[in-house]
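Read through the structure below, which is laid out as C-alpha cells, and then see the notes.
There are 4 protein chains.
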Amino acid sequence: MKIGVCKLAMASPNDVSELERLIDSREIDPAEIVAVIGKTEGNGGANDFTRGFATLSYQLLLASRLGTSPAEIGKRIAFVWSGGTEGVLSPHATVFTRSAGADAADGPRLALGIEGTREIRPEEVGTMAQVHEVAAAVRRCLVQAGITDPKDVHYVQVKGPLLTPASIADADQRGKTLVTRDPNGSKPFARGATALGVALALGEVSEADLSNDAIARRFDLFSSVASTSAGGELKNCEVLLFGNSSTATSDFRIGHGVLKDTIDADGICATLRNAGLSFSGNLSNEEARRIAAIFAKADASPNGKIRGRRTTMLSDADINYERHARAALGAVIASITSDPAIFVSGGTEHQCGPGAMPIAAIVRV
Amino acid sequence: MKIGVCKLAMASPNDVSELERLIDSREIDPAEIVAVIGKTEGNGGANDFTRGFATLSYQLLLASRLGTSPAEIGKRIAFVWSGGTEGVLSPHATVFTRSAGADAADGPRLALGIEGTREIRPEEVGTMAQVHEVAAAVRRCLVQAGITDPKDVHYVQVKGPLLTPASIADADQRGKTLVTRDPNGSKPFARGATALGVALALGEVSEADLSNDAIARRFDLFSSVASTSAGGELKNCEVLLFGNSSTATSDFRIGHGVLKDTIDADGICATLRNAGLSFSGNLSNEEARRIAAIFAKADASPNGKIRGRRTTMLSDADINYERHARAALGAVIASITSDPAIFVSGGTEHQCGPGAMPIAAIVRV
Amino acid sequence: MKIGVCKLAMASPNDVSELERLIDSREIDPAEIVAVIGKTEGNGGANDFTRGFATLSYQLLLASRLGTSPAEIGKRIAFVWSGGTEGVLSPHATVFTRSAGADAADGPRLALGIEGTREIRPEEVGTMAQVHEVAAAVRRCLVQAGITDPKDVHYVQVKGPLLTPASIADADQRGKTLVTRDPNGSKPFARGATALGVALALGEVSEADLSNDAIARRFDLFSSVASTSAGGELKNCEVLLFGNSSTATSDFRIGHGVLKDTIDADGICATLRNAGLSFSGNLSNEEARRIAAIFAKADASPNGKIRGRRTTMLSDADINYERHARAALGAVIASITSDPAIFVSGGTEHQCGPGAMPIAAIVRV
Amino acid sequence: MKIGVCKLAMASPNDVSELERLIDSREIDPAEIVAVIGKTEGNGGANDFTRGFATLSYQLLLASRLGTSPAEIGKRIAFVWSGGTEGVLSPHATVFTRSAGADAADGPRLALGIEGTREIRPEEVGTMAQVHEVAAAVRRCLVQAGITDPKDVHYVQVKGPLLTPASIADADQRGKTLVTRDPNGSKPFARGATALGVALALGEVSEADLSNDAIARRFDLFSSVASTSAGGELKNCEVLLFGNSSTATSDFRIGHGVLKDTIDADGICATLRNAGLSFSGNLSNEEARRIAAIFAKADASPNGKIRGRRTTMLSDADINYERHARAALGAVIASITSDPAIFVSGGTEHQCGPGAMPIAAIVRV
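Residue numbers (my numbering), protein chains in the order written: chain B, 105 to 469; chain R, 105 to 469; chain V, 105 to 469; chain E, 105 to 469.
Rendered as C-alpha cells:
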C-alpha cells in the first residue's frame, strides 16, 4: 500500500480549483483518492453548513472526472471537515490517495484504513451503541491498514453525527430518549462516544469500565490517538485510522504526541520529532517543508486556566470556547511550522486526559 | 526616578482584590501609583463596558485608600484598558508606581512620562488636530521621563476617544463633520491619528507628509514604538511614554521589537533579548520569570494572508478581525513566555509598517 | 402603601443622569426607592458585566445622595437587571418607590413585596434547596404586600445566582457536586428552581411533585406569574412580588397574561386590557401613554417552530437562542405600545407551560 | 404572461425536497421557473456561504429534472438569497414561474421582468458604472414585464457583487482603486449603487444629481421600490422587477408601502391593503392565507433611535446592526401575518428615505 498526501488551499468552501488543476496536470489520479480531511471557514457549530458545501463541491468535481454520481463518490471517499478557521488557521483540504505501491520501503511507512459504521440513530448518539459500532469499525481499519500492534497507530479520525433539530424531532416522533435536546450541546456526547470506541478497539480502556453514564463524564477514560468530531451533515460514523506499517511503501511516516495545553510548544516539537524530523532549537525551513500535514485537537482546560492564569474561554457567551482554543493552538503550531493550513478541531472529550490534547504529524521521509 | 511594575490577576472587570492585598501588605504604596495598563474580558468593541467598569472599580479602591474621590484618582492616575481576552489571554492589570529612587543605577533604566491632551472634540477624532495634540503631549512626556534621544523610547501607549452614538449626535447638533459615522469604524481613524502624533514627536515622520487625508490611508507613515487604542469612555488622549533613562534607578529595563506577522516567534524572542534577557533556543523558566510585562499590538495582515496562506480574519462577519489577531498573537507570545497575562491590543494603523506590529517587553534587571 | 413607578432612559450601563435629575428636581425621593428593574446592553450571558456596572453606578449615586455607602444601598434596594437589548430593545431602568400613601383608593392598586433569601451555595443552585428558600421568600413578600389571595399576584421577579468559573472552583474545593459545570448552561437550572419556588408558594404546584430531578426537566410544572433570571453577580435570590391590594393607594394597577409564542400580538393586547387599558383595534396614543412598564419573558419554542415554521434559534452557534427570542418579542410589544424600553428577559424554564411565556403590565389608573 | 408564486420551507440551505415533491406531483413545471427568492440561515455577512450552497443545491435538482447542467440553470433562473434568519425568520424559498397564461384577467395582475447586467468589476462596485448598468437592466425589465407606467412597479429586487478578499486582490493586481477595502464595509456602497440604478430608471432621481460621491452618502436620493442586496457569490447584478400589468393574467397582485421604522405595524397593514387585502383591526386567518409572499428591507435608523428611544444596534460589536433590524422587523410582520417565512433583508442605502424601509406584498386575487 502506498499512501499519497497532498494539501490544497481553498479560497472558499466550494473552491475545488486546486484539485482540479492537480488532476488536469496528472499529479493526482482521482481514482486513487480515498479521503479528504480539511478545515472550512464556518463557525464550527451546529449551523455550520460550510462542511456540507465543501463535501458537495468536491463530490461534484470528482463525479465529473470519474464519470459517476456525487452520491457514489460519497460512498467511495471519506470526507472529514472541521469548521472554524479562527486566528490564523487557513481553509484547506488534505487529499489522501491509496495505490498498490510496488517498491519495498526501508522501514514502516504511512498506512491508512477507512471504514464506516452503519447509520447511528439519534437515540444512539452519545451512547454505548455508538461506542461499539465505532470500535468494530476501528478493528476493521487495523486489518485494512496492515497494522497488528496498536502502538503503530498514531491518529484515528472519527466523524459522526450530532443531534440536529431534525433528528431530535425524528426521535420525538418515535418516542425515543436522547442524551440531550440541545444541538450544540450534543457535541460532547457525540465526540466522547466515538473516542471511547477508538480507545476500546485499541485496548486503551477496558469494556468493563464503559457505560452510558461514563460518556462525557468519566474523563479518566480516553484514547491518546483519537480525534473525533461531530457534524449535522452525517448519519453514520466514518473512521480513518492512520499508522505506520511495514507493509506500506508510502513516502511518508506519521507520529503523534500529547499536548498538555493549547500553548505547549514543546509538545508540538516533540510530535514533529516523533514523526521523524530532527532538529534542536528552531525548526529549519528545510525540515519544516517536510511536514505534509498536522492534525490536532484544541480545547479549553477543565478549569479554564492555562499555566495558572485564568482564561475566559468557558464563560464567553459570544464566542464558543472551542473557537478560542482553536485560535490559540493553531497560532502556536503555525509559529513553529510556518504553515497556518493545519487541521485543528475542537472538543477533546475522551481524547487524551482532561486538559491534554492529541496531535499527529505526517512527515515526508 | 524609580519605576515599579506589578502585574495583578483579575477574576472579573471589577476585581481589585489583588491590589487591595498588596496595599494592605505594604508591597505597594497607593500614593505612588501613576498608571494602570490592563486587559479586560469584554468584546473590545464600541459596546465594551468592561474597561469603564474596571476603571471605576480601581478608582473606588484607591479613592478609599487615599482619602480622596474617584474623580481625583482619575486625574492623578492613567488607566489604559484593552478589551478582549481572546484565545488564552488572561484578564489582568499592570500597575506602575513612580518614586524618587535615591540610589544610582549602573546603566539606563526604565523611565516613564505620562501626559494627557485637552479634550478631543468628536469632529477632531481622526484628524490632524488630534495628531498635533498627541505630539505635544509626547514631547512633554520626554521631558518628564528624562529622555533626550528618541532612540531610548521603546513604547508609547496612547489611548483616546472613538466616536460613539452620543458623540456623533453631539457633533450633528453642532453641525460638525466627522471622519465616519460608524462607531466601530471610527477606531482606525482614532488609533491612526494618535499613532501619527507619536511618530511626529519622535521624528519618525515629517510634518510635511501629514494631512487629514493621510490618516488611516498612507500606511507608509508610521511610528515603530506607538501602541494606540480608542475607547468610548475617554474624551481626551492619554500618553504613556516608556523608555530607558540614565537618570532612572528602576529595577527594570524596557526593550522593543517589530513583529512581521502574528506568528512571528523569532520577533518575540528578539524583543525579549532587546530588553535584556539572554537565551538561545528555549527561554528558561528563570529567564521567563524576569519578564515583568509585555505589550504588543495584533492585527490582520493587509491582504489577510499569513506566510502565503489565506486567513479568514478580514471576511468574518461574526468575529472581528482584531479578535482573531489578538487570539493568535497572544497564544504565540504565551507559548514562549509561559504567561498568558499579556497586553495584546488590536489595530495597528500607523503603528509599524503595513502588516507589522510593535511589541515591547519590560524585564527585571 | 403607595408604589411609584418611573422609567429612566440610560445612555450606557453607568448612566444614572436621569435619576440624578429627578432627585434634584424632587420628583423622586431617593429614600423611598425600593427597587430598580432594568435592561442593560450586554450580551446577557455569563460574561455580561453591564449588570454589575449598572448596579454599582446606581448604588454610588444613591449612596452619595443618602449619605451612606454603596454596600448599604445594596442591602436596602433590590436591583434586577437583564442583559441583552437585542432588536429594538432600549436600555433603561424602572425605579420603584414605596411610601406611606395616606389617601384611600377606589379599588385594588399596585402593591409590592421585596424579600431576599440567604446566600445560595453553588451546590444548591438549581436544586430543591433553592426552591424552598425562594418559596419562603415569596410567602414573606405576600405578607409585606398585603396580598392574601394568590390570584391578586401578577408578577414575581426573581433573580438569583448562576454558576460561574469562580463558584464552580469553590464547590470543587469543597468536594461538592453541581447540577452542571457549564456556566452558561447553569442558567436553565438556576431559573427553573427559582420559578418552581414561586409556583410552590403560590399553590401552582404541589410539593409532592417537586424534586431535584424535576428541575429543568418536568416542564408541565410551572408558575404563570414568575419571571426569573440568573446572573453571576448575585449570591442570594431576590424576590420582587407585584400584585394588586386593596390596602394599596398607588396610582397604578398591574395585570398579566400568557403569550403562546414570541409573536403573540393578541396575548400582548389581552395583557394590556387585563391591566386596565380599554381598546379595540389599535391602541391609541393616549392609552399607550398610560403604560408605565411591561415585563415579559421571551424564549424559543421547544421544537424551534413558530406557527408551524422552522426558526433557527436553537441551532445557531453564533447568537444564543435567548437573544433571538428577546429580539422578536421586544419588537412585537414595541410595535403595539410604541415604546422599545421594555423589560424582556430570556429563559422561561418553569415559567408558564412549554413554549408559553409570562407577561405583565403596569398601567396608570 | 402568467406568474406563479410558491413558497417552500427549507430544513437547511441544501434542502430542496419541497420543490422536488412539487415537481414530482406536477404542481410546478420546472421548465417554467424563472426566479427563486429566499432566506438562508447564515450570518448574512461576507462569509455567509449558505446562499451559494442553496443556489448550487437548487441548480443541481433543476438540472437533473430538466436534463441540463447546473451552469445552464444558473443562466436561465435568477437566484436571490438573503442570509440571516434572526428572531423568528424562517428559512424558505419563494419560487416564481412564468407561463403564457391564455385567459384574460379582470384587471392588472402580477408581472415580472428579469434581466442581468454584464459583470461588474471590483473597481466598479459602488460607482456610477454600476448605477448605469443597473438602470439599463431595469429599463429592459419594464419592457419584458409589459409595464409602461413606473407607478405600476412595486418591487425591484437587485442582487449584485460585494467586494471580497479575492476581488480586492484582483483589483490590486490590476492597480485599480476601490470604494473601500473592507469586504463587509463594501455592502453599503454595493447596495446603494444598485438602488440608485433603480431610482434612475424609474425616474425617482435625476441623473444630474448622481455622482460617485453621492453613493452611500446623499441619502435624500432614493428609490421607494428598490430592494437591493450584495453577496460575494455574484459577479454581475440581477434585476427582478415586479409590478402589475394589464397584459398579465396571474392569480396574484402586488402592492407596496414604506415603513417608517422597524416596528411600524401600521405601515405593514397599509401595504397589505395596498396589495388588495381588505381588513380593519386584526387580519383574519382567511385574509392572511391570501398572502403569497412579503419582501421587506430592515435597517437601523440613522441615529439608532426608535420612537425616541435609544437602541444599541449601531454600537454592537458582537451582532451586526442588520441582524438586529431583521430580527425586529421580521417578528413584527409575522405577528400580523402569522407566517415567519418572510423575505427580510438588511441594508437600505438609497432604498426609501433615511430610516424608512420598503416593503412589498404579493397577494392572491
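Glycine included, C-beta positions come from ideal geometry on N, C-alpha and C.
Model, not experiment: these values are computed from the prediction.
Span separating the alpha-carbon of residue i from that of residue j
i        : j        : result
Leu193/R : Ile181/E : 49 Å
Thr53/R  : Lys401/E : Because chain R here runs from 105 to 469, residue 53/R falls outside it and cannot be looked at.
Leu344/R : Gln261/R : 5 Å
Ile466/V : Ile358/E : 41 Å
Ser388/V : Arg377/V : 13 Å
Ser419/V : Ser271/B : 12 Å
Phe323/E : Val362/E : 15 Å
Leu166/E : Arg130/E : 14 Å
Gly57/V  : Leu267/V : Examination of residue 57/V is not possible in this model, given that chain V is present from 105 through 469 alone.
Asn151/B : Phe399/B : 23 Å
Ile440/B : Ser384/R : 15 Å
Tyr162/R : Ser203/R : 20 Å
Ala431/V : Lys179/B : 43 Å
Extent of the continuous alpha helix (DSSP H) run through residue i
i        : result
His236/B : Met232 to Ala249
Asn294/V : First, the amino acid is wrong: residue 294/V is Ala here, not Asn. Where Ala294/V is concerned, the enclosing alpha helix (DSSP H) stretches over Lys291 to Ala305.
Ser121/E : Ser121 to Asp128
Pro265/E : From DSSP, Pro265/E is part of no alpha helix (DSSP H) but of the beta strand (DSSP E) over Val257 to Pro265.
Ile272/B : Pro269 to Gln277
Lys106/E : Counting along the chain, Lys106/E falls outside any alpha helix (DSSP H), though it belongs to the beta strand (DSSP E) covering Lys106 to Ala113.
Terminal residues of the beta strand (DSSP E) in which residue i lies
i        : result
Asn348/B : Asn340 to Ser349
Gln163/R : No beta strand (DSSP E) holds Gln163/R; the alpha helix (DSSP H) holding it covers Thr154 to Leu170.
Arg468/V : Met461 to Arg468
Ala330/E : Ala330 to Gly335
Nearest candidate by alpha-carbon position, reference residue i, set the options
i        : options                                   : result
Phe153/V : Asp119/R, Ile127/R, Ala135/R and Ser442/R : Asp119/R
Thr252/V : Gly380/V, Gly148/V, Glu219/V and Gly307/V : Gly307/V
Gly434/R : Ala392/R, Asp368/R, Val109/R and Gly457/R : Asp368/R
Asp443/R : Glu391/R, Phe326/R, Val329/R and Gly279/R : Glu391/R
Gln219/E : Gly380/E, Arg244/E, Asp207/E and Gly451/E : Here residue 219/E turns out to be Glu, not Gln, going by the sequence shown. Comparing Cα positions, the closest option is Arg244/E.
Arg96/B  : Ile107/R, Arg278/R, Pro117/R and Met105/R : For chain B, the structure presents residues 105 to 469; residue 96/B sits outside this window and is missing.
Arg125/R : Ala135/R, Leu112/R and Ile137/R           : Leu112/R
Gly217/E : His236/E, Arg225/E, Asp256/E and Pro269/E : Asp256/E
Gln234/V : Ser382/V, Gly191/V and Leu304/V           : Leu304/V
Ser327/V : Glu223/V, Ala275/V and Gly296/V           : Gly296/V
Val138/R : Ala379/R, Ile177/R and Ile224/R           : Ile177/R
Val238/V : Leu300/V, Cys456/V and Ser382/V           : Leu300/V
Leu170/V : Ser203/V, Ile127/V and Gly156/V           : Ile127/V
Leu164/E : Pro174/B, Asp286/B and Thr189/B           : Pro174/B
> Do three or more CB pairs link the stretch 232-248 of chain V to the stretch 131-150 of chain E at distances below 8 Å?
Replying inline: Touching, no, given that fewer than three Cβ pairs across the two stretches are closer than 8 Å.
>> Taking contact to mean 3 or more Cβ pairs, one atom from each stretch, closer than 8 Å, check whether the stretch 328-337 of chain V and the stretch 191-208 of chain V are in contact.
In response: The stretch 328-337 of chain V makes no contact with the stretch 191-208 of chain V, as fewer than three CB pairs between them are under 8 Å.
> Any chance the stretch 396-411 of chain R sits against the stretch 415-430 of chain B, with 3 or more Cβ pairs inside 8 Å?
Replying inline: As far as the Cβ criterion goes, the stretch 396-411 of chain R does not touch the stretch 415-430 of chain B, which means the pair count is below three.
> Can we say the stretch 290-306 of chain E touches the stretch 220-233 of chain E, given the rule of at least three CB pairs closer than 8 Å?
Replying inline: Yes, the stretch 290-306 of chain E is in contact with the stretch 220-233 of chain E.
>> Just to confirm the assignment: which complete beta strand (DSSP E) runs, minimum length 3, are found wholly within the stretch 352-393 of chain V?
In response: Entirely contained in the stretch 352-393 of chain V, the beta strand (DSSP E) runs reaching 3 residues are, in chain order, 356-363.
>> As an exercise, report each continuous beta strand (DSSP E) stretch of at least 3 residues that is fully enclosed by the stretch 397-458 of chain V, in chain order.
In response: If you keep only unbroken beta strand (DSSP E) runs of at least 3 residues inside the stretch 397-458 of chain V, you get 447-450.
>> If contact is defined by three or more beta carbon pairs under 8 Å, each pair taking one atom from either stretch, is the stretch 349-357 of chain V in contact with the stretch 207-221 of chain V?
In response: Contact holds: three or more Cβ-Cβ distances are below 8 Å.
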